[in-house]
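Below you'll find the structure, written out as structure tokens, and then a few comments.
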Ligand code: GRF
């Protein structure tokens with residue numbers, strides 16, 4: 360089995376899309392753990408309802424040093440021994456040593472056509488910049504935010520009158536198709552990272 364660990368912080372609609380895609384067309388993929396830094400995340404509740412192994416790793420502000428949070432996160436992931444770590448709306452940067460240990464084995468989805476509009480509120484950034492199109496990107500993860508090798512992108516138009524909400528919704532429809540498809544191809548060995556280059560086989 361190809362072992363996947365999912366990290367999320369909130370709504371979890373991408374995780375849900377991945378789960379439902381695998382339910383509809385099973386592959387040799389096992390979701391070995393869903394980790395959330397937010398005990399109230401809807402994505403976590405969904406995972407619990409599906410009886411998946413769930414882990415809440417909270418960083419209680421002030422009380423806990425970042426190192427302690429990183430240590431627990433790293434140990435939990437190492438114990439799960441995943442073949443792929445899927446970031447699905449995980450709102451924290453991973454510790455650099457974890458990213459290096461899983462080089463080429465961590466993916467993220469971001470709601471922009473990277474390298475444009477990294478970071479928070481990417482859809483609003485695209486609107487503010489007067490861009491004519493936006494989209495989503497699945498990429499490998501490196502220690503710097505939203506900066507790793509790009510695997511696949513899908514563009515959507517920006518329509519006059521778009522708001523952050525309307526544009527985000529248009530992009531999200533594509534995210535829910537793109538992310539499951541890319542994860543499937545990685546699990547099948549059709550996409551991999553070799554020396555910082557994405558290799559794809561049809
Ligand atoms: C998505 O827009 C994704 O691109 C970004 O965070 C959002 C997560 O949404 N990384 P959800 O939690 O998957 O619904």
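In my numbering, the protein residues as written are 360 to 561.
Heads up, the beta-carbon is just placed ideally off N, CA and C, and yes, glycines get one too.
- Between residue 495 and residue 530, the gap from beta carbon to beta carbon is short of 7 Å.
- With at least 16 other beta carbons inside 10 angstroms of its own, residue 470 counts as buried.
- Counting along the chain, residue 496 sits inside the beta strand (DSSP E) bounded by residues 492–499.
- Relative to the non-hydrogen atoms of ligand 1, the Cβ of residue 440 never comes closer than 6 Å to any of them.
- In the three-state reduction of the DSSP assignment, residue 392 falls in the strand class.
- As for any alpha helix (DSSP H) of minimum length 4 sitting wholly inside the segment 390–429, the runs are 401–408, ordered along the chain.
- Excluding its 5 nearest sequence neighbours in each direction, residue 439 has C-beta neighbours in its own chain below 6 Å: 364, 391 and 392, listed in chain order.
- Boundaries around residue 456 are those of the alpha helix (DSSP H), 455–460, since no beta strand (DSSP E) includes it.
- By the Cβ neighbour-count rule, residue 503 is exposed, with fewer than 16 other Cβ atoms within 10 Å of its own.
- Taken through DSSP and simplified to helix, strand or coil, residue 387 comes out as coil.
- By alpha-carbon distance to residue 450, the top candidate from 360, 362 and 367 is 367.
- The residues 368, 416, 417, 418 and 451, in chain order, have a CB closer than 7 Å to that of residue 396 in the same chain once the five nearest residues on each side in sequence are set aside.
- Boundaries of the beta strand (DSSP E) harbouring residue 558: 556–559, taken from the DSSP string.
- Following the DSSP letters along the chain, one finds residue 367 in no alpha helix (DSSP H) but inside the beta strand (DSSP E) bounded by residues 361–367.
- In this structure, 373 is the residue among 423, 455, 506 and 373 with its C-alpha nearest to the C-alpha of residue 445.
- Per DSSP, residue 514 is one residue of the beta strand (DSSP E) stretching across 509–516.
- By the C-beta density criterion, residue 532 is exposed, having fewer than 16 other C-beta atoms within 10 angstroms.
- Within the same chain, Cβ atoms closer than 6 Å to the Cβ of residue 465 are found at 444 and 500, the five residues on either side in sequence being excluded.
- The closest CA to that of residue 553, considering only 512, 507, 525 and 527, is found on 507.
- The beta carbon of residue 370 sits closer than 7 Å to those of 401, 402 and 448, all from its chain and outside the five residues before and after it, given in chain order.
- Per DSSP, residue 526 lies in no beta strand (DSSP E); the unbroken alpha helix (DSSP H) holding it starts and ends at 523–546.
- Annotation for residue 478: 504 and 505 place their beta carbon closer than 7 Å to its own, counting only its chain and skipping 5 residues before and after.
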